[in-house]
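Participant: What follows is a structure written as structure tokens; I'll ask about it next.
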Amino acid sequence: MSGAPFTWRERAFTIDARCLEGDPVRGAWVHVCALPDRAARIPFDQPEVQQVRRDALAWWIPLLGDALVCISTLALDEVHYGGAVTVARSPEHFGQDPFARLFAGTVERSDDFCAVAPPAGPILERYAGVPWPGGRFG
Amino acid sequence: MNLSPGQRFPDLDLPDHTGRDRMLSDVAAGDPLVLVFSRGWWCPKEQRYLRELTELQDEFEVAYSRIAVVSVDAPEVQSAFRAGLGARFSFLSDARRHWISRLGLQETTDTTHDPYLPTAFTLHPDLTIHAAYHGYWYWGRATMQELREDMRAISRLVRADFDGP
Numbered sequence: 321m322s323g324a325p326f327t328w329r330e331r332a333f334t335i336d337a338r339c340l341e342g343d344p345v346r347g348a349w350v351h352v353c354a355l356p357d358r359a360a361r362i363p364f365d366q367p368e369v370q371q372v373r374r375d376a377l378a379w380w381i382p383l384l385g386d387a388l389v390c391i392s393t394l395a396l397d398e399v400h401y402g403g404a405v406t407v408a409r410s411p412e413h414f415g416q417d418p419f420a421r422l423f424a425g426t427v428e429r430s431d432d433f434c435a436v437a438p439p440a441g442p443i444l445e446r447y448a449g450v451p452w453p454g455g456r457f458g
Numbered sequence: 002m003n004l005s006p007g008q009r010f011p012d013l014d015l016p017d018h019t020g021r022d023r024m025l026s027d028v029a030a031g032d033p034l035v036l037v038f039s040r041g042w043w044c045p046k047e048q049r050y051l052r053e054l055t056e057l058q059d060e061f062e063v064a065y066s067r068i069a070v071v072s073v074d075a076p077e078v079q080s081a082f083r084a085g086l087g088a089r090f091s092f093l094s095d096a097r098r099h100w101i102s103r104l105g106l107q108e109t110t111d112t113t114h115d116p117y118l119p120t121a122f123t124l125h126p127d128l129t130i131h132a133a134y135h136g137y138w139y140w141g142r143a144t145m146q147e148l149r150e151d152m153r154a155i156s157r158l159v160r161a162d163f164d165g166p
């Protein structure tokens with residue numbers, strides 16, 4: 321598992337590759353919590369980035385339930401968080417997306433994303449530059 | 002079923018606290034795992050133990066290790082219990098008692114709830130059992146320090162760069 325290129329509003333990110341591998345879910349709703357501004361980035365190790373992933377594991381993913389298609393942070397490089405995407409079969413809960421605390425969310429439709437089993441943890445990236453929750457050791 | 006150290010733990014297929022079907026190997030996802038069998042939300046001993054485990058989760062989250070809890074509570078009950086604890090790890094529901102007798106982990110003295118015998122296993126990423134703890138009596142349970150030491154021992158074996166790259 322690794323990262324895959326993901327372009328949004330002419331910004332180049334890396335996304336958990338599993339989100340784009342397999343059978344795509346047609347007409348999925350995508351909540352992109354990122355900004356077009358290239359200065360909108362935060363080091364991955366900042367406490368607010370760790371906390372938002374804790375919130376994702378604690379209640380965001382359970383809240384979405386079966387509606388969740390996949391979730392990934394958007395890496396800019398080996399150090400910086402550029403945002404996150406949550407893909408769901410309904411936009412019903414996007415107003416509560418914890419990742420929107422860091423960068424405001426934009427709702428879009430897409431046929432590109434695939435269903436990925438939600439993560440059980442951890443809250444840290446495994447390798448520099450590989451978006452959470454992708455990547456594994458060994 | 003032989004659940005002794007060195008044996009491979011069965012790859013349980015159970016719904017998690019959100020009702021999604023999960024495999025234990027997917028929950029481990031290549032990391033060392035603490036697998037706790039718990040009586041259920043109603044038991045004060047389980048409440049006490051899982052509160053302690055919840056405090057430990059911060060360390061697990063930065064140490065690339067996992068925690069999973071199995072009980073006979075229904076997923077929606079587990080979800081509420083998990084939220085009350087503030088836990089971020091996965092709960093797996095065996096409300097249908099699919100695995101409890103196959104694993105030989107029934108608590109036969111509680112005929113009201115028909116729960117799991119409080120038991121914990123520390124597992125390698127491939128689900129090989131490192132250690133087993135039997136917590137019918139509370140003092141038989143793994144202490145948080147024992148779990149840390151087991152995670153250290155497993156990580157030392159499975160992380161080639163454990164002593165530094």
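Protein chains in written order, with my numbering: chain D, 321 to 458; chain F, 2 to 166. For each residue, glycine too, the CB sits at the ideal point set by N, CA and C. What you are looking at is a predicted structure, and each value in this text was computed from that prediction instead of being measured.
Taking Cβ positions only, does Thr123 (chain F) come closer than 8 Å to chain D?
Facilitator: no
Participant: On the criterion of 16 or more Cβ atoms from any shown chain inside 10 Å, does Asp365 (chain D) qualify as buried, or is it exposed?
Facilitator: exposed
Participant: Report the three-state DSSP secondary structure of Arg456 (chain D) (helix, strand or coil).
Facilitator: coil
Participant: Tell me whether Trp100 (chain F) is buried or exposed, calling it buried when 16 or more other Cβ atoms sit within 10 Å of its Cβ.
Facilitator: buried
Participant: So with CB distances below 8 Å, who are the chain D contacts of Thr19 (chain F)?
Facilitator: Those are Ile381, Pro382, Gly385, Asp386, Pro438, listed as they occur along chain D.
Participant: Quick check: the segment 67–82 of chain F against the segment 7–22 of chain F, are at least 3 beta-carbon pairs closer than 8 Å?
Facilitator: yes
Participant: Work out the CA separation of Gly455 (chain D) and Asp362 (chain D) for me, nearest whole Å.
Facilitator: One point to set straight first is that residue 362 (chain D) is Ile, not Asp, in the sequence displayed. Rounded to whole angstroms, Ile362 (chain D) to Gly455 (chain D) spans 20 Å at the Cα level.
Participant: Taking the alpha-carbon positions, what's the Pro356 (chain D) to Tyr401 (chain D) distance?
Facilitator: 14 Å
Participant: Determine, for Arg89 (chain F), whether the minimum Cβ-Cβ distance to residues of chain D falls below 8 Å.
Facilitator: yes
Participant: Take Pro344 (chain D) and list the residues in its own chain whose beta-carbon comes closer than 7 Å to its own, dropping the five residues that flank it on each side.
Facilitator: Asp431, Asp432, Phe433, Cys434
Participant: Taking just the CA atoms, how far does Thr123 (chain F) sit from Arg142 (chain F)?
Facilitator: 12 Å
Participant: Taking Leu377 (chain D) as the query, report the chain F residues whose CB atoms sit under 7 Å from its CB, ordered along the chain.
Facilitator: Arg89
Participant: Which residues share a DSSP beta bridge with Tyr401 (chain D)?
Facilitator: Beta-bridge pairing by DSSP links Tyr401 (chain D) to D:Ile362, D:Ala395.
Participant: In chain order, what are the residue ranges of uninterrupted alpha helix (DSSP H) at least 4 long that sit wholly in the segment 38–80 of chain F?
Facilitator: Fully contained in the segment 38–80 of chain F are the following alpha helix (DSSP H) runs of length 4 or more, in chain order: 45–63.
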